[in-house]
Amino acid sequence: MNTLWFALGGYLAGSIPTGYWLVRALKHEDIRQVGSGNIGATNVWRTYGARLGVAVMTVDTLKGFVPAFLATMYVGHLAGVIAGGAAMLGHWRPLFMKFQRGGKVVATCGGAFLGVAPLVGGIGALVWIAVFALFRYPSLASIAAALSLPVAAALIGEPWPVIAFATVAALAVIVLHRPNISRLRAGTETRFRFRRPPQTPTARPAISDGRTGKARSS
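Residues 239 to 456 in the working numbering are what the sequence shown spells out, letter by letter.
Given below as structure tokens:
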């Protein structure tokens, strides 16, 4: 029963649409209508700058960390990965946005692993930083970090729930980044720039309803 409560708490925490709410509150705009249309930290940073981007990234990471950490501490690793996975699910399909498409779960996934298996999560974070520093593609860094999770978990000898969670999480990140993978292969993926352009954010012509819309870029 405790595991179910932690799973519910993880999903509700993950459902907090940080980027959407923060941009609405501070900029009075809909983040889904600017930039790539994604509510995650990368689009917020690209469009509105580092201060908002870092804030979104921090909260999105905590959404995965807190439920996974508490469930692991009070119940065990299996409860921890279930709570972390529920947080990722909430971030992807947030209750508070009527289950419309949310983010691509990278920061929330990282937070979940920092909570349930800190060494594995730390390795994933280092891989992300290294790949991003070399190539400046957040999508490529996210994919590389995700792929490192099951490898690190297996090599370190983590319990089977952590290894299984790492494998499923890696697959989820890759699936959600399929459009990015296509652009990376075509050489059309956009490199990240720390200084955002001075012009007004470009509005998107339409918003997906979360059921029939195509996946958006990071």
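C-beta: ideal position from N, C-alpha, C; glycine also.
Under the three-state DSSP convention, the category residue i falls into
i	result
Leu246	helix
Val261	helix
Val343	coil
Val272	strand
Met313	Sequence inspection shows Val at residue 313; the Met mentioned does not correspond to that position. Here Val313 sits in coil by DSSP.
Tyr286	helix
Ile254	coil
His329	helix
Met295	helix
Ile367	helix
Gly349	helix
Residue i versus the options, residue with shortest Cα-Cα distance
i	options	result
Val354	Phe303, Ile277, Trp330 and Val343	Phe303
Thr299	Tyr312, Ala383, Leu352 and Gly314	Leu352
Asn418	Glu396, Leu250, Ile381 and Thr285	Ile381
Lys265	Tyr286, Ala306 and Pro356	Tyr286
Pro376	Phe334, Leu316, Trp330 and Lys342	Lys342
Pro397	Arg374, Ala371, His315 and Trp243	His315
Val319	Gly348, Phe337 and Ile277	Gly348
Leu333	Arg416, Thr256 and Gly425	Thr256
Leu246	Ala404, Arg421, Arg416 and Ala317	Ala317
Ala404	Pro356, Pro305 and Ser420	Pro356
Leu393	Met295, Arg289, Thr428 and Ile361	Ile361
Val292	Ala390, Arg374, Ala345 and Val389	Ala345
Val369	Ala391, Arg429, Asn281 and Gly425	Arg429
Ala407	Leu422, Arg374, Ala391 and Phe307	Ala391
Ala263	Phe307, Val294, Gly248 and Trp243	Val294
- Message: Taking contact to mean 3 or more Cβ pairs, one atom from each stretch, closer than 8 Å, check whether the segment 364–384 and the segment 261–277 are in contact.
- Response: no
- Task: Decide yes or no for the touch test of the segment 406–423 against the segment 381–392: beta carbon pairs closer than 8 Å, at least 3 of them.
- Result: yes
- Item | the segment 247–267 in contact with the segment 319–332 per 3-pair CB rule at 8 Å | yes
- Message: Going residue by residue through the segment 383–443, where are the continuous alpha helix (DSSP H) segments of at least 4 residues, counting only ones entirely within it?
- Response: 398–414 and 416–424
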